[in-house]
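Single-structure report; data block below.
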Amino acid sequence: MKSKFIYPILPLIIISLALEILVKTNFFPSYLVPAPSQVFKVLSFENLSLWKALGQTSLASILGFTISLVLGVLFAILLSTSKLIEKVFYPYAVFFQTVPIIAIAPLLVIWLGYGLPTIVASSIIVSIFPVIANTLTGLRSTEKPLLDLFRLYSANPKDTLLKLKLPFALPSVLVGARISSGLAVIGAIVGEFIAGGGIGEVVNVSRTQQRVDIVFAAVFLAALLGLAFFLLIDFISKATLKAWHASER
Amino acid sequence: MVSANQINLENVQKKFSSDQSLVLDNINLNIPFGEFLTILGPSGCGKSTLLRMIAGLETPTNGQVLVPINTNEMGFVFQEAHLLPWRNVFENVVLPQELKNNVNQLSVDEALKKFDILDAKNKYPHELSGGMKMRASLARALVNKPKLLLLDEPFSALDEIIRQKLCEELRSLWEREKITVVFVTHSLQEATFLSERVIVLSKKPGKIIFDEKLNLPQIRTKKLYSSLEFIELTEKIYNFMQGARYEK
Ligand SMILES: Nc1ncnc2c1ncn2[C@@H]1O[C@H](COP(=O)(O)OP(=O)(O)OP(=O)(O)O)[C@@H](O)[C@H]1O
Ligand SMILES: [Mg+2]
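Residue numbers (this note's numbering), protein chains in the order written: chain A, 1 to 249; chain B, 1001 to 1248.
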């Protein structure tokens, strides 16, 4: 179990060591690439505000992801109710996939102001599509004979949804959730670039001050956050599947 | 001719809108309540379609299908068990009652007992063999005490031994309860062993080319297979089926 984590950390250690030597021997100038020890120093003591930023970004990502999940599933259920509704509204779902968030983030600031709402909205816009698309695929994967059986027993639409279609869709919903968890972090950081706060602002400000060490530290934290988030959702989805979908055991 | 205690199909034709070719043609069929009827015929001739029409899952393009039985009083079993994987055997079998809001644990246990799967009631589908899954599926079809049991090649995915065992159990269930059974199969042996009456459909578009009551003993065991009357009957139906395959 432990060795599973050692393997990916190994290259990190080797590259860090190599980089440390290259920077300390002035092979790379330290204003372009910071020495890993310097990044580590920024992370550990100097800058409490960096950790505060991580907290803000985490909160925005979790909010964005949760709302994406709930709205995405509800939207997919709506789309799945009729072919016509799907034809009319699915293109708007694709819009979330294709919209350049950088271009509309300033609009979000105008509508929602500087602060959390804009950042969460940006996170939602970036992360909602995989939930919609995967849930919809899942809702369509119900075994046909079982749909017939529910029809035969004149099951009402609510039972058909809750006792048949949604459970059948659950594995797909969780695939969507896993993809969207990483995207929610990216969306939040992009939002922070424009609306301020969190890791996005730290990167943006440090960049203008030529503090590559802080930029590196912030990017490193952002990557860790994305990874932690992904692993958390992965863990939750495996646990859920185990309980609901006993065949996964 | 039409009465309240029989299923009646009159001049039934079926086309699917997606492809306009006839699937079933000129089907006239009376099934008195309490009969065990088996439908034989080559692949793609419309057996499943006919069964689904009786269940009300398809509507005829022309003609009339009169089934004076509420769909709630029907049981349907498919080629595969189609259990819900996140529910254990008991929860799967109780489903039809749950959907009607009249759960009765005792009658669930009774249905489980009929197909000898009570011991596995807390197991999940992935923990069951193919035969046990089919037993659960049969129990689910019986839990509402249906008047009509519709079975679409339910045993075709099972091995010979289990298939024979389930045939015997289904037959003795019918002997005890005399519910109406319409059974679709590819297997001539299965058809003759199980039923009171056999119809054979021609290849697509399916028409009834053979319709006969079988003159076999009520109580049926494995010995039946080696009896002269059984062999003669299967021979006769076999010849009709061969005709169905090659003649238009
Ligand atoms: N929903 C559908 N839409 C269009 N065509 C269909 C549909 N269902 C069945 N068919 C066609 O109707 C014909 C009869 O199908 P059906 O499943 O009733 O045959 P079958 O006798 O049960 O065959 P098998 O023995 O292979 O199960 C086939 O040609 C099939 O392609
Ligand atoms: Mg069929």
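Glycine included, each C-beta is placed from N, C-alpha and C at the ideal position. These figures come from a predicted structure and were not determined experimentally.
Do you know how far the Cα of residue j is from the Cα of residue i?
i: ALA93 (chain A); j: PRO1125 (chain B); result: 36 Å
i: LEU1138 (chain B); j: VAL1077 (chain B); result: 6 Å
i: SER141 (chain A); j: LEU1084 (chain B); result: 13 Å
i: VAL1030 (chain B); j: ALA155 (chain A); result: The sequence shown places Asn at residue 1030 (chain B), rather than the Val named in the question. Approximately 29 Å between the Cα atoms of the pair.
i: SER127 (chain A); j: VAL109 (chain A); result: 19 Å
i: PRO34 (chain A); j: ALA53 (chain A); result: 21 Å
i: PRO171 (chain A); j: ALA76 (chain A); result: 15 Å
i: LEU139 (chain A); j: ILE1039 (chain B); result: 34 Å
i: ARG1176 (chain B); j: LYS1213 (chain B); result: 20 Å
i: LEU43 (chain A); j: LEU225 (chain A); result: 14 Å
i: GLU1169 (chain B); j: PRO157 (chain A); result: 35 Å
i: ALA1004 (chain B); j: VAL175 (chain A); result: 52 Å
i: GLU1073 (chain B); j: TRP1174 (chain B); result: 16 Å
i: PHE1210 (chain B); j: GLN1079 (chain B); result: 24 Å
i: PRO106 (chain A); j: ILE186 (chain A); result: 16 Å
i: PRO117 (chain A); j: LEU19 (chain A); result: 39 Å
i: GLN1105 (chain B); j: ASN1028 (chain B); result: 40 Å
i: PHE28 (chain A); j: LEU12 (chain A); result: 18 Å
i: HIS1082 (chain B); j: THR160 (chain A); result: 15 Å
i: THR240 (chain A); j: LEU146 (chain A); result: 23 Å
i: PHE235 (chain A); j: SER1018 (chain B); result: 44 Å
i: LEU227 (chain A); j: LEU1151 (chain B); result: 51 Å
With distances taken Cα to Cα, identify the nearest neighbour of residue i among the options.
i: ASN1144 (chain B); options: B:SER1048, B:ASN1008 and B:ASN1101; result: B:ASN1101
i: ILE102 (chain A); options: A:GLU86, A:LYS87, A:ALA121 and A:ASP148; result: A:ALA121
i: ASN1215 (chain B); options: B:GLU1080, B:PHE1230 and B:TYR1225; result: B:PHE1230
i: GLY1044 (chain B); options: B:VAL1065, B:ARG1140, B:SER1202 and B:LYS1113; result: B:SER1202
i: SER1187 (chain B); options: B:THR1180, B:THR1221, B:GLU1235 and B:LEU1142; result: B:GLU1235
i: LYS1047 (chain B); options: B:ARG1220, B:ARG1087, B:ASP1025 and B:ARG1140; result: B:ASP1025
i: LEU183 (chain A); options: A:THR66, A:ILE15 and A:ILE9; result: A:THR66
i: SER237 (chain A); options: A:LEU63, A:ARG178, A:ILE214 and A:ARG207; result: A:ARG178
i: LEU22 (chain A); options: A:GLN209, A:SER37 and A:TRP111; result: A:SER37
i: GLN1242 (chain B); options: B:LEU1022, B:PRO1042 and B:PHE1016; result: B:PRO1042
i: LYS144 (chain A); options: B:LEU1158, B:ARG1052, B:THR1180 and B:GLY1131; result: B:ARG1052
i: ARG1220 (chain B); options: B:SER1172, B:GLU1110 and B:TYR1238; result: B:SER1172
i: LYS1114 (chain B); options: B:LYS1123, B:MET1134 and B:LEU1128; result: B:MET1134
i: PHE150 (chain A); options: B:GLY1075, B:ILE1117 and B:GLY1206; result: B:GLY1075
i: ALA169 (chain A); options: A:LEU74, A:ASN26, A:LEU84 and A:GLY197; result: A:LEU74
i: LEU232 (chain A); options: A:LYS4, A:TYR7, A:LEU48 and A:ILE62; result: A:ILE62
i: SER1021 (chain B); options: B:ILE1161, B:LYS1204, B:SER1226 and B:ILE1162; result: B:LYS1204
So residue i and residue j are supposed to be a Cβ contact under 8 Å. How far apart are they, rounded?
i: LYS1147 (chain B); j: ILE1069 (chain B); result: 5 Å
i: GLY1034 (chain B); j: LYS1178 (chain B); result: 5 Å
i: THR1185 (chain B); j: GLU1153 (chain B); result: 6 Å
i: LEU1037 (chain B); j: VAL1181 (chain B); result: 7 Å
i: TYR90 (chain A); j: LEU78 (chain A); result: The Cβ separation is near 11 Å, so there is no contact.
i: PRO8 (chain A); j: TRP1086 (chain B); result: Not quite, the Cβ-Cβ distance comes to about 34 Å (not below 8 Å), so this is no contact.
i: ILE1237 (chain B); j: VAL1198 (chain B); result: 6 Å
Which residues in the same chain have their Cβ closer than 6 Å to the Cβ of residue i, if we skip the five residues on either side of it in sequence?
i: ILE119 (chain A); result: ALA60, ALA188, GLY191, GLU192 and ALA195
i: SER68 (chain A); result: ILE124, SER127, ILE128, VAL131 and SER180
i: VAL212 (chain A); result: PRO34
i: THR1071 (chain B); result: GLY1056
i: SER30 (chain A); result: VAL23
i: SER206 (chain A); result: ILE214 and VAL215
Can you find the residues in the same chain that come closer than 8 Å, C-beta to C-beta, to residue i, ignoring five residues on each side of it along the sequence?
i: ARG249 (chain A); result: Confidence at ARG249 (chain A) is low in this model, with a pLDDT of 40, below 50, so its placement is unreliable and no value can be given for it.
i: LEU1066 (chain B); result: VAL1002, ILE1007, ASN1008, LEU1009 and GLU1010
i: CYS1167 (chain B); result: PHE1155, GLU1190, PHE1193 and LEU1194
i: GLN1097 (chain B); result: VAL1103, ASN1104, SER1107, VAL1108, VAL1143 and ASN1144
i: GLU1058 (chain B); result: LYS1014, THR1049 and ARG1052
i: SER247 (chain A); result: The predicted model places SER247 (chain A) with a pLDDT of 47, which falls under 50 and marks its position as unreliable; any figure quoted below should be read in that light. So the list is empty, once near-sequence residues are dropped.
i: ALA1111 (chain B); result: VAL1093, ALA1139, ARG1140, LEU1142 and VAL1143
i: GLU1196 (chain B); result: GLU1035, PHE1036, LEU1037, LYS1213 and LEU1214
For residue i, which residues in the same chain have their Cβ closer than 7 Å to its Cβ, ignoring the five residues on either side in sequence?
i: ILE199 (chain A); result: ALA53, LEU54, THR57, ILE189, GLU192, ALA218, LEU221 and ALA222
i: ASN134 (chain A); result: SER172, VAL173, VAL175 and GLY176
i: PHE96 (chain A); result: ILE125, ILE128 and PHE129
i: SER1130 (chain B); result: In the sequence as displayed, the identity of residue 1130 (chain B) is Gly instead of Ser. For GLY1130 (chain B), where only same-chain residues beyond five positions count, the Cβ hits under 7 Å are ALA1157 and LEU1158.
i: LYS1248 (chain B); result: With a pLDDT of only 46 at LYS1248 (chain B), under the threshold of 50, the placement of this residue in the model should not be trusted; the figure read from the coordinates follows. Hits under 7 Å: none found.
i: MET1132 (chain B); result: ILE1117 and ALA1120
i: SER1226 (chain B); result: none
Let me check you understand the geometry: is the CB of residue i closer than 8 Å to at least one non-hydrogen atom of ligand 3?
i: SER1048 (chain B); result: Ligand 3 is absent from the structure shown, which contains only ligand 1 and ligand 2.
Exercise. Assess, as a yes-or-no matter, whether the segment 218-226 of chain A is touched by the segment 54-72 of chain A under the definition of 3 or more beta carbon pairs within less than 8 Å.
Key: yes
Exercise. Determine, using beta-carbon pairs with one atom in the segment 1051-1066 of chain B and one in the segment 1001-1018 of chain B, whether at least three such pairs fall under 8 Å.
Key: yes
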